[in-house]
Amino acid sequence: MATPGTESIWLWVGTIGMTIGTLYFIGRGRGVRDPEMQKFYIATIFITTIAGAMYLLMATGFGLTQVQVGNQVLDIYWARYADWVFTTPLLLFDLALLAGANRNTIATLVGLDVFMIVTGVIAAFESVAAYRILWWGISTGALLVLLYVLVGTLSEQANRKSPEVARLFSTLRNLTIVLWLLYPVVWILGTEGTIGILPLYWETAAFMVLDLSAKVGFGVLLLRSRSTLEAATKPEPATATTG
């Protein structure tokens with residue numbers, strides 16, 4: 000079985016960071032009784048709980064495998080993709096709840112997200128270098144379409160909410176866009192993209208920083224104001240009509 004190298008320090012930092020985030024979010028959710036508000040806390044707690052477990056798997060070596068690409072043997076942390084396939088839909092679910100999105104919008108976002116992660120997994124395990132880049136391109140294309148829906152349809156729905164909810168949504172949306180766009184950049188520049196500008200040590204560090212920012216940082220911003228979450232769960236005011 001493959002074993003982590005010096006990059007394991009970043010995996011342990013990720014494990015600890017996600018655990019601290021989970022405990023913090025549990026504390027923030029204490030005393031919340033409104034079922035609609037509880038959805039934010041439940042989803043956010045599961046995001047960091049799952050991520051923490053996957054980081055532990057990677058740090059202990061279970062979440063690591065190797066793939067032969069040409070004459071290279073690449074270390075692939077498969078648990079990273081297992082993390083993303085569960086946590087990124089939950090992150091989008093949080094944003095959709097905040098925006099008051101309808102089911103079609105949520106289904107579109109989650110469908111694009113799962114397709115993006117699955118094609119990313121194919122890229123990671125493809126043994127032909129050219130096909131790895133091809134599948135990376137397909138996955139990145141799905142990401143761009145997803146972000147288009149996020150900026151367009153979901154933002155339009157969020158703008159119907161109260162000003163404080165719309166501001167929070169805008170902040171979290173922009174954070175998500177910036178961080179998620181960096182993931183394929185790190186991938187293509189790192190060892191998995193076969194370019195190798197970023198060695199495994201720094202590639203692992205970069206993914207860890209992105210993960211903590213996109214999950215713990217996102218959650219801290221989302222859950223910092225109960226009054227905003229309460230406003231997000233209220234029905235939208237009816238539009239006045241004239242006869």
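Under numbering that gives the first Met the number 0, the letters of the sequence shown match residues 0 to 242, in that order.
By construction, the Cβ of each residue, glycine as well, lies at the ideal position given by its N, Cα and C atoms.
Are residue i and residue j closer than 8 Å when you measure CB to CB?
i: Thr190; j: Leu181; result: no
i: Leu209; j: Leu178; result: yes
i: Val68; j: Ala128; result: yes
i: Gly218; j: Thr107; result: no
i: Thr232; j: Met36; result: yes
i: Leu63; j: Ala157; result: no
i: Val66; j: Leu56; result: no
i: Ala98; j: Phe168; result: yes
i: Val120; j: Tyr80; result: yes
i: Leu171; j: Leu228; result: no
i: Leu149; j: Ile132; result: no
Determine the extent of the alpha helix (DSSP H) in which residue i is found, giving its start and end residues.
i: Ile194; result: That residue, Ile194, is in no alpha helix (DSSP H); it is neither H nor E in DSSP.
i: Asp82; result: 77-98
i: Ser154; result: 154-157
i: Gly13; result: 7-28
i: Val215; result: Note, Val215: premise wrong, no alpha helix (DSSP H); not H, not E.
Identify, in the order they occur along the chain, each residue of the same chain with its Cβ nearer than 8 Å to the Cβ of residue i, setting aside the five sequence neighbours on each side.
i: Gly216; result: Leu174
i: Pro204; result: Note that residue 204 is Ala in the sequence shown here, rather than Pro. If we look at Ala204 and ignore the five residues flanking it on each side, its Cβ neighbours are Glu6, Trp9.
Enumerate in chain order the residues of its own chain whose CB-to-CB distance from residue i is below 6 Å, with the five nearest sequence positions on each side excluded.
i: Thr139; result: Pro183
i: Phe92; result: Ala42
i: Leu142; result: Met115
i: Ile137; result: Thr118
If I'm right that residue i touches residue j with Cβ under 8 Å, what's the distance once you round it to whole angstroms?
i: Phe85; j: Ile49; result: 5 Å
i: Trp135; j: Trp186; result: 6 Å
i: Leu153; j: Thr104; result: 6 Å
i: Gly20; j: Lys214; result: 7 Å
i: Ile46; j: Leu89; result: 5 Å
Locate the beta strand (DSSP E) running through residue i, then write down its first and last residues.
i: Val127; result: No beta strand (DSSP E) holds Val127; DSSP gives it neither H nor E.
i: Val66; result: 64-68
Sorted by chain position, which residues of the same chain lie with C-beta nearer than 7 Å to residue i's C-beta, five sequence neighbours on each side aside?
i: Ser212; result: Leu178
i: Thr240; result: For Thr240, the pLDDT reaches just 41, beneath the cut-off of 50, and the residue's location in the model is therefore unreliable, leaving the point undetermined.
i: Asp82; result: Ile49, Ala50, Met53
i: Lys38; result: Leu96
i: Arg102; result: none
With a cut-off of 8 Å, does the C-beta of residue i fall near any C-beta of chain C?
i: Pro3; result: Checking the listed chains, one finds no chain C in this structure; it contains a single protein chain.
How about the stretch 110-123 and the stretch 156-164: do they share at least three Cβ pairs that are nearer than 8 Å? no
Does the pairing of the stretch 50-66 with the stretch 13-33 give three or more beta-carbon distances under 8 Å? yes
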